Amino acid sequence: MSSTTHTDSHAPSGAEVPTRRDFLTLLALSGAAVGVGAMAWPFIDSMEPAADTLAAGEPIDVDVSKLAPGQQIVVVWRGKPIFIVHRTPEALKTLQSPAVIRVLSDPDSKVLQQPEYADNWHRSINPVYAVMVGICTHLGCVPTFYPNMSATDPAPNWPGGYLCPCHGSKYDLAGRVYSGVPAPYNLPVPPYHMTSDTIVRIGENPAGNAFDLNSVVQI
Ligand code: FES
């Protein structure tokens with residue numbers, strides 16, 4: 170199946186937190202950049218030159234070789250923001266922390282929000298790279314990336330992850346939603362696989378799998 174590699178990243182340019190409507194505007198701008206929260210992340214322009222490919226929902230290849238530990242990039246696939254995070258060893262340790270697991274709503278990913286091959290503690294194929302649909306399962310905002318907490322801690326007693334700007338839903342760096350927040354489900358994981366150590370192909374399952382993103386409980 171054909172695919173398109175996207176390596177055209179853009180420097181962040183502001184501090185606004187995008188909602189879904191804002192996100193569509195960003196797509197229209199084709200090349201806009203977004204900076205959020207404690208750490209800015211590059212917004213990869215995947216509208217050019219492959220708009221036709223994307224409209225057809227074909228797979229896209231993302232080169233993560235320059236994504237440093239602790240960084241996130243955001244690409245667009247089928248009109249949806251896809252978060253790709255290079256998780257640090259500390260972040261992976263946090264995902265397995267009993268103190269975190271006990272305050273998550275669905276720590277074992279029992280609700281169908283991910284393909285079978287991402288139904289594990291890190292909700293991914295390679296634990297180092299998280300790949301998730303960046304749309305809050307409450308009302309559809311784009312959650313803000315907080316890879317670790319610091320003096321700018323927006324939520325006390327929280328080790329970081331994603332914080333949704335509208336009603337405060339929190340997720341960890343595997344997209345697992347916290348208990349007691351408005352969002353009911355974990356962030357969906359799209360069909361994807363890794364064609365090499367550093368190329369993520371979004372929109373195509375590993376051989377032998379047939380996961381369809383439309384089968385998740387909620388996007
Ligand atoms: S859309 Fe995320 S908390 Fe409301």
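Everything in the sequence shown is counted per the numbering used here, starting at 170 for the first residue and increasing by one. Heads up, the beta-carbon is just placed ideally off N, CA and C, and yes, glycines get one too. Quick caveat: nothing in here was measured; it's all calculated off a predicted structure.
Closer than 8 Å: residue i CB and nearest ligand 1 heavy atom
i: Ala-324; result: no
i: Leu-308; result: yes
i: Ala-287; result: no
i: Gly-349; result: no
i: Ala-343; result: no
i: His-336; result: yes
i: Ala-260; result: no
i: Pro-228; result: no
i: Pro-353; result: no
i: Pro-312; result: yes
Bridge partners - residue i, DSSP secondary structure assignment
i: Gln-241; result: Val-254
i: Tyr-390; result: Nothing can be reported for residue 390: it is not among the residues displayed for the chain, which extend from 170 to 388.
i: His-362; result: Arg-370
i: Val-346; result: Tyr-340
i: Leu-273; result: Tyr-347
i: Lys-249; result: Trp-246
Element boundaries [alpha helix (DSSP H), containing residue i]
i: Val-269; result: 267-270
Proximity to residue i [Cα-Cα], best of the options
i: Leu-261; options: Ala-299, Gly-248, Gly-349, Val-280; result: Ala-299
i: Asp-288; options: Tyr-361, Lys-249, Asp-277; result: Asp-277
i: Val-269; options: Glu-227, Ile-242, Trp-290; result: Trp-290
i: Cys-310; options: His-336, Ser-293, Gly-248; result: His-336
i: Tyr-315; options: Asn-378, Val-233, Gln-240, Val-231; result: Gln-240
i: Leu-236; options: Pro-228, Phe-252, His-307, Leu-281; result: Phe-252
i: Gly-377; options: Val-245, Glu-285, Asn-295, Arg-271; result: Glu-285
i: Pro-296; options: Val-245, Asn-326, Trp-327, Gly-344; result: Gly-344
i: Gly-329; options: Cys-305, Thr-263, Thr-364; result: Thr-263
Where the beta strand (DSSP E) containing residue i begins and where it ends
i: Val-300; result: 298-302
i: Val-386; result: Careful: Val-386 lies outside any beta strand (DSSP E) and carries neither H nor E.
i: Ile-294; result: Here Ile-294 belongs to no beta strand (DSSP E), and DSSP marks it neither H nor E.
i: Val-233; result: Val-233 -> no beta strand (DSSP E), and no H or E assigned at all.
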